[in-house]
Amino acid sequence: LLDLGCGNGAPIAAYFIEQGYRVTGVDGAQAMIARCRQRFPQQEWRQMDMRQLDLPAKFDGLLAWDSFFHLACDDQRRMFPLFRRHAGPHAALMFTSGPADGVAIGSFEGQPLFHASLAPEEYRRLLQENGFRVVDHVVEDPACGGRTVWLAQGIE
190 LLDLGCGNGA
200 PIAAYFIEQG
210 YRVTGVDGAQ
220 AMIARCRQRF
230 PQQEWRQMDM
240 RQLDLPAKFD
250 GLLAWDSFFH
260 LACDDQRRMF
270 PLFRRHAGPH
280 AALMFTSGPA
290 DGVAIGSFEG
300 QPLFHASLAP
310 EEYRRLLQEN
320 GFRVVDHVVE
330 DPACGGRTVW
340 LAQGIE
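Here it is as structure tokens:
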């Protein structure tokens, strides 16, 4: 599993590790990667910008939970070929987005936090153009804390 924007590994990476998955986590913050390495030394952790993703492996699952939507819209568009390049045959791709096209500034621990989202139709088009089919798309899912969740699968 490739966890893009893994943060400190909790709760997402920790859950998958507990289920027996091998996790490769990517995060731009060195402090987050250091924490992951301390907590889960048997996994692979890389400090890098997900927009520069170029790993030698392909993955059965790719996850960008609460991370992808912090990229500008053009950067999000450029991520879809990177998802495809790192996806193994029939790989699952799950990411969170905003519920509609737009930019918002939220806050985290008192600091401003950028969020952007494309229109749902554009996400669908980008997924299709990059070899994925939408399995599910739930807007503001109450079971996921109100997040808008996309699940796609590689066609090949």
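Numbering follows our numbering, in which position 85 of the sequence shown is assigned residue number 274; successive positions increment by one, without gaps.
Virtual Cβ for every residue (Gly too), placed ideally from N, Cα, C.
- The segment 242 to 253 makes no contact with the segment 221 to 229, as fewer than three CB pairs between them are under 8 angstroms.
- In this structure, Trp339 keeps its C-beta atom at 8 angstroms or more from the C-beta atom of Ser256.
- Less than 8 angstroms divides the Cβ of Tyr210 from the Cβ of Leu190.
- In this structure, the beta-carbon distance from Ala305 to Cys262 falls below 8 angstroms.
- By the C-beta criterion, the segment 300 to 319 is judged to be in contact with the segment 259 to 277, since at least 3 inter-stretch pairs fall below 8 angstroms.
- For Asp249, the uninterrupted beta strand (DSSP E) segment begins and ends at 248 to 253.
- Looking only at Asp330, Asp325, Ala289, His259, the smallest Cα-Cα distance to Gly295 is reached by His259.
- Look at Gln265 here: in three-state DSSP terms it is helix.
- In the three-state DSSP reduction, Ile294 falls in the strand class (E or B).
- Rounded to whole angstroms, the separation of the alpha carbons of Ala253 and Lys247 is 15 angstroms.
- Boundaries of the alpha helix (DSSP H) harbouring Phe205: 201 to 207, taken from the DSSP string.
- In the structure shown, the three-state DSSP call for Ala281 is strand.
- Distances from the CA of Phe321 to each of Gly277, Glu207, Arg336, Met237 were compared; the closest alpha carbon is that of Gly277.
- In this chain, the alpha helix (DSSP H) harbouring Leu316 covers 309 to 318.
- Residue environment: Ala289 is assigned as exposed (fewer than 16 neighbouring CB atoms within 10 Å of its CB, all protein chains considered).
- Around the beta carbon of Gln232, 16 or more other beta carbons lie within 10 angstroms, which makes this residue buried.
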